[in-house]
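Engineer: Under my numbering, the letters of the sequence shown match residues 93 to 322, in that order.
Beta carbons: idealized from backbone N, C-alpha and C, even for Gly.
Next up is a structure, given as structure tokens.
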Amino acid sequence: MMNIIAFKHFAFDDDYAFRSWASLGGHRLDIKDPALEIDAKWLDDMDLLVICGGPMSVYEEEKYPWLTAEKQFVRQAIQLGKKVLGICFGAQMIAELLGSRVYRNTHKEIGWHSINRTKEQHPWLCGMPEQFISFQWHGDTFDLPQDTRLLASSEACKVQAFAYGEHVMGLQFHLETTAACMESMFAHWSSEFIQAPYIQTAEQIRSQFARTEQSLTLLHGILDQISLKC
């Protein structure tokens, strides 16, 4: 059994993917809002930290002052050798903490986009296909941090997945996003739907909602591999 903490950064983010997996495996999962509370004591018995996505940028400490405490917690988790999985905003935070630059990408990716794995291998991605399609919603990107391995790329974004050692991984893409969460994103962030090369319309995204089942399977496979290495 693993003790898992997940940082959730916006109210309507759907944590079903993580809760369902934790329930099936008998793992303990605590969902925390880092804007409300961060406690270093959580590190004592934590086996895995999941840093979920969010609409903010990692370099916006002035706008979101709680980011400073969250970054310190994540930094400590990495230094202590805890398992850390960052998703989108979470991957960008890990990259920054490892000394990389996070910045606006040339192109935003919104919708279902193809991702290609590199020849680099990592145990957490054991069983993942060489190419797959995942939901994306991001405008920021980052340079590959030193001493990390590039694990996956897309046409619009070079760093889609990377690993630091065997215990830290960042995923730019969203395998966890449910159809219900996507609908909320459409409503809250409708201004993001502009005509651009890698931005699909809400209708185009809805037409591929069936992909969420495969995405859930892929994410659970990653979490299974993480738990095997516990």
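1) Does DSSP classify L310 as helix, strand or coil?
2) Taking Q74 as part of the beta strand (DSSP E), name the residues at either end of that continuous run.
3) Per DSSP, what kind of secondary structure is T160 in: helix, strand or coil?
4) Considering only their Cβ atoms, is the gap separating T233 from Y256 smaller than 7 Å?
5) Given 8 Å as the limit, is there contact between the region 191-208 and the region 152-165, that is, 3 or more CB pairs closer than that?
6) Since R241 sits in a beta bridge, which residues does DSSP pair it with?
7) Run through the region 150-204 for me and flag every whole alpha helix (DSSP H) of 4 or more residues, listed as ranges in chain order.
8) Return the chain-ordered list of same chain residues with a C-beta closer than 7 Å to the C-beta of H312, the five sequence neighbours on each side being excluded.
9) Quick one: what does DSSP say D106 is sitting in, helix, strand or coil?
Structural biologist: Once the coordinates are examined:
1) Here L310 sits in helix by DSSP.
2) The question about residue 74 has no answer, for the chain in this structure spans 93 to 322.
3) helix
4) no
5) no
6) The partner list for R241 (beta bridge, DSSP) reads A255.
7) 159-171 and 181-189
8) The answer, listed in chain order, is W113.
9) coil
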